[in-house]
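Take 1449 as the starting number for the sequence shown in the numbering used here and just add one per residue. Every residue, glycine too, gets a C-beta built ideally from N, C-alpha and C. Notes follow the structure.
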Amino acid sequence: MEDVLLLVSEVVTNACLHGGGPRELVLRHSALGLRVEVSDDSPEPPRRRPPGDRTRPGGHGLIVLERLARSWGAEPSGGAFPGKTVWLEVPPPAPPGPPDSGPPLPEPDGR
């Protein structure tokens, strides 16, 4: 869940910083996972910043998307609105496993 929150925060923040603010946020879920779409008014596709001073904030959002999302991309908005939609997909959560019952109990003969 924390990864999804971080990913949504990244794409919304990028729309704020580079696209004039988000125009629309869409979340779609299915058995295959979750798809997040953020639309803004900038036609410029996302691109990595050139390597620079790693101590300065910013410039790591696309690296986060590449590491945490199953897939991501950007498409021109088309229609009446200029701009683009940045999307990402994450798989569904793993089903819960059996409850943790602690360390194994010793054998009845003391082993």
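Next on the checklist: Mapping the DSSP letters down to three states, classify S1525 as helix, strand or coil.
Outcome noted: coil
Item to check | Counted within 10 angstroms of its Cβ, other Cβ atoms place S1487 as buried (16 or more) or exposed | outcome: buried
Item to check | Helix, strand or coil at L1455 according to DSSP, with G and I counted as helix | outcome: helix
Checklist entry - What's the C-alpha gap between E1537 and P1554? => result Cα to Cα, the separation comes out at about 45 Å.
Item to check | Spatial distance of G1423 from L1475 (CA atoms) | outcome: An answer regarding residue 1423 cannot be provided, because it is not within the stretch 1449 to 1559 covered by the chain.
Checklist entry - Is R1471 helix, strand or coil by DSSP? => result strand
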